[in-house]
Every structure is written in C-alpha cells, then in structure tokens.
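Worksheet: one structure, shown below.
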Amino acid sequence: MLEKANDNPLRPAAPSLFARLAASQEARLAVITVLVFALMGALSPERFLSVQNITSMAFQFPEFAILALAMTLTMLTGGIDLSVVGIANLSAIIAATILTQLAGGTQGADALGWYALSVAAALAVGLIAGLFNGLLVAVLGLPAILATLGSGLVFSGFAVVLTGGSAVMGFPEVAAFIGNGRMLGIPVPLVLFGLLAAALAFVLSRTAFGLKVQMLGANPLAARFAAVDVTATLIKVYVGSGVLASIAGLLIMSRANSAKADYGSSYLLLAVLIAVLGGVNPYGGYGRVIGVVLAVLAMQFLSSGLNMLQVSNFSRELIWGVLLIFVMIVNARPDLFQFKRRPPAA
Amino acid sequence: MQLSSLRIDWTRNETLVPLVIIAFCALAAFSDPSFLSIPTLTDLLRGSIVLGIFAVAAMLVLISGGIDVSFTAVAAFTMYSTAMLLNTLAPDLPWYAAIGIGMAMGAALGSINGILIVGFGLPTLIVTLGTLSIFRGFMLTFIGQKQITTLPPGMREFGRMMMIRGTNPDGSFYSLPWAFAATVGVIVVTWFILHKTMLGRSIFAIGGSLESARRIGINVRATQFFIYVYVGALAGLAGIIHSSMARVANPFDLVGLELSVIAAVVLGGARLTGGHGTLTGTLLGVALIVLVRNSLVVIGVPATWQMVVIGLLILIGTGLPAWQAKRAAARAA
C-alpha cells in the first residue's frame with residue numbers, strides 16, 4: 232500500500248544532470264511552483280504581478296508556513312503534530328492576556344518590556360506544550376497522531392477556558408511589528424519565516440541532531456541500534472515543533488491584532504498538506520525544507536492568483552486538494568508522466 | 006496475557022470506558038437526581054445517531070489499517086446535494102428514496118477514495134485529506150453555499166418520524182426519532198459483515214498484516230475498495246439523517262467532526278496500526294463523548310471545559326494501554 236517516494240540514495244546516478252533533476256521531487260515541485268506563478272502572472276498580469284500583491288502575499292503565508300515547518304519536523308520522525316494550532320492559539324492568548332491584563336494600556340519603552348515578557352511567555356508555553364507532547368510520544372509510547380490529537384484538544388480547551396471563547400484584544404503598538412512591520416522594506420513575517428526555514432534546514436542537514444532525526448524516521452529500530460537516544464531526540468523534536476507553533480501564534484496574534492481560541496483552525500490540515508506536498512514522507516525518514524518552502528509558495532501563488540481572478544474562496548480548497556493528490560500520484564507513479572523511465576518492478 | 010484472560014483486564018478500553026461512563030453517571034445522578042431519567046437517555050441516544058454511524062465507518066477503516074478523514078465531507082456533500090437535487094427535480098420522492106440516493110452518492114464519492122488508495126497505492130491519510138478538501142471545495146464552489154431551509158418533503162417527513170415520544174413532568178417534550186433505527190441497522194449489518202463473512206475476516210487480516218493477507222490469497226485490493234465504498238455509503242446515510250433531524254441542509258455542518266469521531270473510536274479500543282477494533286468498544290467511545298458533550302454541566306464542570314475533558318479522556322484512554330504495552334515489551338526484552 233505504501234509506495235515509497237523515489238528517492239532511494241542507492242539507485243545508481245542517472246546519466247545526465249537533467250535526468251537527475253527530473254527524478255528529484257524538489258525539482259518537480261520547483262517546476263510546478265514556477266508554472267503556477269507563470270500561469271497566474273499570465274492570467275492577470277497587472278494585478279498578480281503588482282508590487283502590492285507580492286507584498287500582501289509575503290505578509291499572508293508565513294503564519295501557516297511556520298506551522299508547516301513544525302509539521303515537517305515531526306513528520307520526519309514518522310510522527311505528526313496535530314496540536315500545532317492549539318499551541319499557537321494558547322501561546323497567543325497567554326501573550327495577549329499579559330499585554331491586556333498586566334500591562335494595561337502602557338505605551339513606549341514600558342510597552343516594549345511588557346511585549347518582550349509576553350513573547351517569552353508565549354515561547355515558554357510552546358516549549359512546555361511541546362515537552363508534554365514529547366513525553367506522551369517518547370516516554371509513554373502513544374502514537375503521535377493520537378497523543379497530539381488529544382493534547383491539541385487540551386491546549387485549545389485551555390484557550391477556551393481562559394477566554395470563555397471570546398477574542399482578546401487591545402495591544403500596545405509594538406505588538407503590531409512582527410505581523411505588519413517591515414525591515415529594509417521587507418515584510419517582517421517573511422524575514423521571520425526565512426530565518427526559521429534556514430535555521431531548520433541547517434539543523435536538519437548540518438547537525439548530528441538532524442541526522443538522528445532522519446535516521447529515527449527511516450528506521451527507529453536501526454536508529455536505536457546505532458546508539459541514537461530515541462527518547463531524547465523525539466522529545467527535542469516535539470519541543471521544537473511546539474516552539475515553532477508558538478511563534479506562528481505570535482504572528483497570527485499580531486496580524487489579527489487579537490487572539491482567540493479558534494483562530495487558524497483551517498491551518499492544521501493546510502500545514503499537513505503543505506508538508507506532504509513539499510515531499511516530506513508522512514511515514515518519516517525523508518523531507519527537505521526547500522521542498523516545503525516551494526510547496527508553501529505554490530499554495531500561496533495559487534490562492535492569491537485565484538483571488539485575483541475572482542474565483543470563489545472555496546475553490547481554493549478544491550484546488551489544494553487536487554494539487555495534493557496530483558503531486559502524490561506523480562511521486563508514486565512517475566512513469567505515468569514520462570519524467571523518467573523506471574525499470575519494471577522486480 | 007492468556008493467564009489473565011479470566012480476570013478483568015483494567016487496561017482494556019472496553020473495561021475502562023464503561024467504568025468512566027458509570028462513574029460519570031453516578032456523579033451526575035448524585036449532583037442532580039433528575040439526571041437518571043428517560044429524557045437524558047433519549048438525548049444521549051439522539052446525540053449518538055449520526056456520531057454512531059460515523060464511528061462505525063471510521064472503525065472499519067481503522068481495522069483495515071487505514072485512516073479516513075474525508076467521511077464528514079462525503080456526508081456534507083451528500084446531504085446538501087441530495088436536498089438540492091430532490092428540491093429541484095423530484096420533490097415528491099419518499100424518504101427512503103432520499104436515503105437511497107444519498108447512500109448511492111456517498112458510495113460513489115467513497116469509490117473515488119478507493120480508486121486513489123487501491124489503484125495508485127497512495128497513503129490513506131493523504132488521500133482522504135486531499136479528498137476532504139476536494140469534496141468540500143467542489144460542493145461550496147459549484148453546488149452552493151447557502152443553507153437549504155426548506156428540505157424536500159421526504160426528508161422532512163423522515164425527520165419527524167418518532168419511535169418514542171413523551172412529556173416530561175415539567176411539560177417539555179422528549180422524543181427519539183426513527184433515524185435511531187438506521188444506526189442500529191448499520192451496527193447490525195457491520196457486525197454481520199465483520200464477524201460472519203469472509204469479507205470481514207479479510208478486513209481484519211489486512212489490518213493485521215497486509216503482506217500476510219496477500220500471501221494467504223486474500224484479494225487485498227477488492228477488500229480495500231469495498232471498505233472505502235461502504236464507508237462512503239454510511240457517510241451518505243449519516244448526512245441525510247443529520248439534515249433530516251436538523252431540518253436544514255447546511256453545507257458548513259459536519260466537516261471538522263472527523264477527528265472527534267476517530268477519537269471516539271480509538272477511545273473504544275481500535276488501534277491506528279490496524280487489526281484491532283470492536284463495535285462494542287466503538288459504541289462505548291461514542292457514548293462517552295456524547296455524554297461529556299451533553300452533560301458536563303450536570304457534574305459541576307463548566308461547559309467551557311468540554312474540550313479539555315475530551316482531550317484528557319483521549320490521552321488517558323490511549324495512554325494507559327500504550328503504557329501497558331510498552332512495559333510488557335520492556336519486560337519481555
């Protein structure tokens with residue numbers, strides 16, 4: 232049933248650079264992303280390619296893209312984190328409560344201090360929530376999908392309990408910066424996402440921890456025999472996912488200028504979708520950050536482009552689904568699309 | 006394991022969940038004696054009608070080693086399209102025709118899942134995640150977004166057919182619709198398939214080990230295809246029942262419920278790894294979730310705590326057996 236993606240490192244190198252590129256998932260995805268961009272640009276050039284649209288896209292996607300990074304990290308180990316949206320909202324609500332209840336209406340330097348405190352609190356919430364998930368998965372041995380489904384309900388539930396289900400709003404101006412500000416003309420959310428993606432890519436491909444994560448996902452038993460501390464690695468992975476989720480939460484809070492228990496509920500499936508579209512193997516062991524970044528861009532180009540074309544909002548969902556299934560079929564059966572010739576199955 | 010089979014195994018979900026249910030009811034009855042009454046029971050049963058059908062469907066997929074998150078979208082698609090279809094083309098069709106059309110439509114959508122999973126060998130979670138978006142997106146884009154408040158007469162009639170009807174001492178009414186019989190029917194048919202047919206054994210075998218099932222000559226592809234079509238038909242039925250009982254077809258209903266349903270099934274002892282799952286456990290899981298949803302206030306917990314409680318129940322319900330299994334494995338090693 233499970234058709235492994237065609238990224239077997241033992242396969243002899245293809246003869247030409249082109250054939251090698253065509254065989255890699257990320258290259259195919261890059262082609263798809265460029266095609267989507269070109270198509271949308273061609274269909275409504277003066278609107279889709281406008282500076283205004285490009286910047287508005289740069290403000291929009293980082294919040295769910297960061298959640299997709301969190302999803303990528305956990306999926307690499309063969310797990311999943313269904314609690315990311317719950318963690319994001321709970322973190323945002325804790326930060327928002329500190330800003331509104333404790334800081335009152337302070338502005339200026341005082342407000343900056345309070346904001347720093349609220350950010351620290353939000354990150355701490357992400358860390359603790361991630362630690363909780365990590366303990367459930369690594370120590371108690373719960374399947375990740377159930378552990379995070381349950382803990383996600385608990386986190387969202389606490390967010391509801393704290394707020395009674397209503398939005399928390401009224402922040403000092405500094406809180407708007409990470410969601411709406413610019414640095415050297417570049418939207419801050421984009422900068423933040425770029426930094427986080429680069430950091431994750433570095434950790435996964437250049438550090439011992441990254442190698443352990445990939446080994447763990449490819450074969451947990453082999454990883455254990457190779458002296459990988461499975462428990463500690465898994466806990467770190469879920470802590471990382473929790474912290475990423477809380478950063479996304481701060482971003483959502485800043486952009487919405489409020490925090491609420493049910494913000495971003497559509498982001499959960501979107502984050503899973505992006506990770507899988509980006510070539511992350513949901514059974515673990517393979518995934519590259521560059522693929523996830525490409526998938527995020529393809530999704531955002533599609534939804535902004537369709538928006539320009541006045542297509543109903545809901546058709547995005549339809550097209551996302553079609554794109555996901557299409558990419559999965561291409562990855563599973565490249566022979567159907569003549570990207571390369573495969574020897575007949577043994 | 007064999008030695009302890011005569012004793013009560015406290016870590017089995019089929020033991021644990023009823024204990025929690027009994028404790029919950031005892032607490033509720035203690036704080037509000039009127040809890041133990043027929044209206045509470047009918048409320049509980051009515052709340053389990055749609056959830057119960059969904060849970061049976063989700064359980065079947067879990068037993069086979071897959072996971073389906075698209076069934077709520079199938080149900081929403083079916084109820085909305087059927088209501089619209091009947092309203093415009095054949096408003097006079099009786100209720101059983103509406104159910105028949107709904108189940109056929111659900112089965113057709115389920116066969117799309119089946120083709121993608123069996124035909125292309127794609128992972129079930131990813132396929133159904135994709136089709137969840139596709140079915141919902143297609144319905145909202147091309148069929149409609151406004152809720153249908155005037156259902157076709159057949160569906161309206163079905164929603165009004167009551168098995169039990171009565172009046173409370175305080176003058177309010179309680180009732181149990183005939184739709185409940187549909188849930189019972191689904192349970193009986195599924196029980197029959199699972200335990201009295203070769204098909205059912207094949208479903209368990211595939212979930213236990215796909216490769217072993219293939220080698221003993223089970224037609225894995227046909228069995229898997231059947232599962233997704235059957236689940237689609239059940240989802241269609243649940244959709245028609247949901248809108249008949251709600252007396253409105255709201256295209257935004259139902260979707261979002263899928264993870265809670267899977268949670269109820271897992272609470273009842275089905276395993277995500279496949280091969281395990283019982284109807285009794287599943288129904289107990291549904292009962293517990295509905296009980297928490299309906300009556301948390303009765304035991305003195307504010308309604309805002311509902312999500313936290315359900316989340317904790319899932320963690321405890323799956324954590325205890327997982328912890329036990331891990332300890333057993335550690336002892337054996």
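Residue numbers (this note's numbering), protein chains in the order written: chain A, 232 to 577; chain B, 6 to 338. For every residue, glycine included, the Cβ atom is placed at its ideal position computed from N, Cα and C.
At a Cβ threshold of 8 Å, is TRP310/B touching chain A? Here residue 310/B is taken as the residue at index 305 of the second sequence, counted from 1. Cβ-Cβ to chain A under 8 Å: yes for TRP310/B.
What three-state label does DSSP hand VAL253/B in the structure shown? Taking the second sequence and counting its residues from 1, the one referred to as residue 253/B is at position 248. Reduced to three states, the DSSP call for VAL253/B is coil.
By how many angstroms is the C-alpha of VAL306/B removed from the C-alpha of ALA103/B? Taking the second sequence and counting its residues from 1, one reaches residue 103/B at position 98. Taking the second sequence and counting its residues from 1, one reaches residue 306/B at position 301. ALA103/B and VAL306/B: Cα-Cα distance of roughly 41 Å.
Suppose you measure from the CA of SER39/B to the CA of LEU289/B; what does that come to, to the nearest Å? In the second sequence, the residue the question calls residue 39/B occupies position 34. In the second sequence, the residue the question calls residue 289/B occupies position 284. A direct Cα-Cα distance of roughly 23 Å separates SER39/B from LEU289/B.
Is the separation between the beta-carbon of THR303/A and that of VAL444/A shorter than 8 Å? Within the first sequence, numbered from 1, the residue matching residue 303/A stands at position 72. Within the first sequence, numbered from 1, the residue matching residue 444/A stands at position 213. Judged by beta-carbon spacing, VAL444/A lies beyond the 8 Å limit of THR303/A, meaning their Cβ atoms are not closer than that value.
How far does the beta strand (DSSP E) with PHE40/B in it reach, from first residue to last? Position 35 of the second sequence, counted from the first residue, corresponds to residue 40/B. Unbroken run through PHE40/B: none, as it is neither H nor E.
Please look up how many angstroms separate the CB atoms of GLY552/A and GLY142/B, rounded, as I've assumed it's under 8 Å. For the purposes of this step, residue 552/A is taken as residue 321 along the first sequence, with counting starting at 1. For the purposes of this step, residue 142/B is taken as residue 137 along the second sequence, with counting starting at 1. Contact check for GLY552/A and GLY142/B: beta-carbon distance about 6 Å, within the 8 Å limit, so the pair qualifies.
Just confirm the distance between the C-beta atoms of GLY536/A and LEU525/A, as a whole number of angstroms; I'd bet it's less than 8 Å. Within the first sequence, the letter at position 305 stands for residue 536/A. Within the first sequence, the letter at position 294 stands for residue 525/A. Wrong, their Cβ atoms sit about 16 Å apart, outside the cutoff.
Are ARG252/B and ARG332/B closer than 8 Å when you measure CB to CB? Numbered from its first residue, the second sequence carries residue 252/B at position 247. Numbered from its first residue, the second sequence carries residue 332/B at position 327. Contact check for ARG252/B against ARG332/B fails: the beta carbons are separated by 8 Å or more.
Within the same chain, show all residues whose beta-carbon is closer than 6 Å to that of PHE82/B, passing over the 5 residues directly before and after it, in chain order. Translated into the one-based positions of the second sequence, residue 82/B becomes position 77. Excluding residues within five positions, the ones whose Cβ falls inside 6 Å are PHE140 and MET144.
Local conformation of LEU21/B per DSSP, three classes: Looking up residue 21/B in the second sequence gives position 16. If DSSP states are grouped into helix, strand and coil, LEU21/B belongs with the helices.
So for TYR346/A, helix, strand or coil by DSSP? Position 115 of the first sequence, counting from 1, holds the residue named residue 346/A. Of the three classes helix, strand and coil, the one that applies to TYR346/A here is helix, per DSSP.
Touching by the beta-carbon criterion (3+ pairs, under 8 Å), the stretch 391 to 407 of chain A and the stretch 485 to 493 of chain A: Touching, yes.
Proximal chain B residues relative to GLY388/A, where beta-carbon distance stays under 9 Å: The residue labelled residue 388/A in the question sits at position 157 within the first sequence. Within chain B, the residues whose beta carbon sits less than 9 Å from that of GLY388/A are THR309, TRP310, GLN311, MET312, VAL313, VAL314, ILE315, GLY316 and LEU317, listed in sequence order.
Less than 8 Å separating the beta-carbons of ALA428/A and VAL520/A? Here residue 428/A refers to the residue found at position 197 when the first sequence is read from its first residue. Here residue 520/A refers to the residue found at position 289 when the first sequence is read from its first residue. In contact: ALA428/A and VAL520/A (Cβ atoms closer than 8 Å).
What is the C-beta distance between ALA275/B and THR287/B, in whole angstroms, given that I count them as a contact (C-beta under 8 Å)? Position 270 of the second sequence holds residue 275/B. Position 282 of the second sequence holds residue 287/B. Yes, ALA275/B and THR287/B are in contact; Cβ-Cβ is about 7 Å, under 8 Å.
Any chain C beta carbon closer than 8 Å to LEU384/A: The question asks about chain C, but that chain is absent: this structure's protein chains are A and B.
Please tell me whether ALA268/B has its Cβ less than 8 Å away from any Cβ of chain A. For the purposes of this step, residue 268/B is taken as residue 263 along the second sequence, with counting starting at 1. Closer than 8 Å to some Cβ of chain A, the Cβ of ALA268/B qualifies, so yes.
State the beta-bridge partners of THR172/B as determined by DSSP. Here residue 172/B refers to the residue found at position 167 when the second sequence is read from its first residue. Bridge partners of THR172/B: PHE178/B.
Can you tell me the Cα-Cα spacing of GLY213/B and ALA334/B, whole angstroms? Within the second sequence, numbered from 1, the residue matching residue 213/B stands at position 208. Within the second sequence, numbered from 1, the residue matching residue 334/B stands at position 329. Pairing GLY213/B with ALA334/B, the inter-Cα distance amounts to about 18 Å.
Only counting the same chain, and skipping five residues up and downstream in sequence, which positions put a Cβ closer than 6 Å to that of LEU21/B? Numbered from 1 along the second sequence, position 16 holds the residue referred to as residue 21/B. Answer for LEU21/B: no residue qualifies.
Tell me the DSSP bridge mates of ARG413/A? Sequence index remark: in the first sequence, residue 413/A carries index 182 (1-based). The partner list for ARG413/A (beta bridge, DSSP) reads PRO418/A.
So, does the CB of MET6/B fall closer than 8 Å to a CB anywhere in chain A? Counting from 1 along the second sequence, the entry for residue 6/B is found at position 1. Low confidence applies to MET6/B: its pLDDT is 42, below 50, so where it sits in the model is not reliable, and the reading given next is rough at best. Answer no: the Cβ-Cβ gap between MET6/B and chain A never drops below 8 Å.
Using beta-carbon positions only, say whether GLY119/B and PHE230/B come within less than 8 Å of one another. As a position in the second sequence, residue 119/B is number 114, starting the count at 1. As a position in the second sequence, residue 230/B is number 225, starting the count at 1. Contact check for GLY119/B against PHE230/B passes: the beta carbons are separated by less than 8 Å.
Suppose contacts are defined by Cβ-Cβ distances below 8 Å. Is GLY79/B in contact with GLY57/B by that definition? The residue you call residue 79/B lines up with position 74 of the second sequence. The residue you call residue 57/B lines up with position 52 of the second sequence. The sequence given here places Val at residue 79/B; Gly does not occur at that position. With respect to the 8 Å criterion, VAL79/B and GLY57/B are not classified as neighbours on the basis of their beta carbons.
Separation of SER69/B from ILE208/B, as counted between CA atoms: Locating residue 208/B in the second sequence gives position 203, counting from the first residue. Locating residue 69/B in the second sequence gives position 64, counting from the first residue. Rounded to whole angstroms, the gap between the alpha carbons of ILE208/B and SER69/B is 5 Å.
Three-state secondary structure assigned by DSSP to VAL234/B: On the second sequence, residue 234/B is found 229 positions in, with the first residue counted as 1. In this structure, VAL234/B counts as helix in the three-state DSSP scheme.
Going by alpha carbons, who is nearest to ILE359/A out of GLN332/A, ALA273/A and GLY471/A? Position 128 of the first sequence holds residue 359/A. The shortest Cα separation from ILE359/A among GLN332/A, ALA273/A and GLY471/A belongs to GLY471/A.
Helix, strand or coil for ILE117/B per DSSP? As a working note, residue 117/B is residue 112 in the second sequence. Here ILE117/B sits in helix by DSSP.
Option nearest VAL356/A by Cα separation, candidates SER497/A, ALA326/A, ALA369/A and ILE409/A: Within the first sequence, the letter at position 125 stands for residue 356/A. Nearest to VAL356/A by alpha-carbon distance, out of SER497/A, ALA326/A, ALA369/A and ILE409/A, is ALA326/A.
Inspect the beta-carbon positions of SER265/B and ALA184/B and report whether they are closer than 8 Å. Here residue 265/B refers to the residue found at position 260 of the second sequence. Here residue 184/B refers to the residue found at position 179 of the second sequence. Cβ distance not < 8 Å, so SER265/B and ALA184/B don't count as in contact.
Could you list which residues in chain A have their beta carbon closer than 9 Å to that of LYS331/B, in chain order? Counting from one through the second sequence, the residue named residue 331/B turns up at place 326. In chain order, VAL370, LEU371 and GLY372 make up the part of chain A whose C-beta sits under 9 Å from the C-beta of LYS331/B.
Apart from the five residues on each side of it in sequence, which residues of its chain come closer than 6 Å, Cβ to Cβ, to TYR514/A? Looking up residue 514/A in the first sequence gives position 283. GLY309.
How would you call VAL193/B, buried or exposed, if buried means at least 16 neighbouring beta carbons within 10 angstroms? Position 188 of the second sequence, counted from the first residue, corresponds to residue 193/B. Taking all protein chains in view, the Cβ of VAL193/B is surrounded by fewer than 16 other Cβ atoms within 10 Å, so the residue is classified as exposed.
Would you say LEU233/A reaches chain B, if we count a Cβ-Cβ gap shorter than 8 Å as a contact? As a first step, residue 233/A is located in the first sequence; it is residue number 2 there, counting from the start. In this predicted model, LEU233/A has a pLDDT of only 44, less than 50, meaning its place in the structure is not dependable; the value taken from the coordinates is given anyway. Interface residue, yes.
Label PRO182/B either buried or exposed according to how many other C-beta atoms from any shown protein chain fall within 10 Å of its C-beta, with 16 as the threshold for buried. Residue numbering aside, residue 182/B sits at position 177 when the second sequence is read from its first letter. With 16 or more Cβ atoms within 10 Å of its Cβ, PRO182/B is classed as buried.
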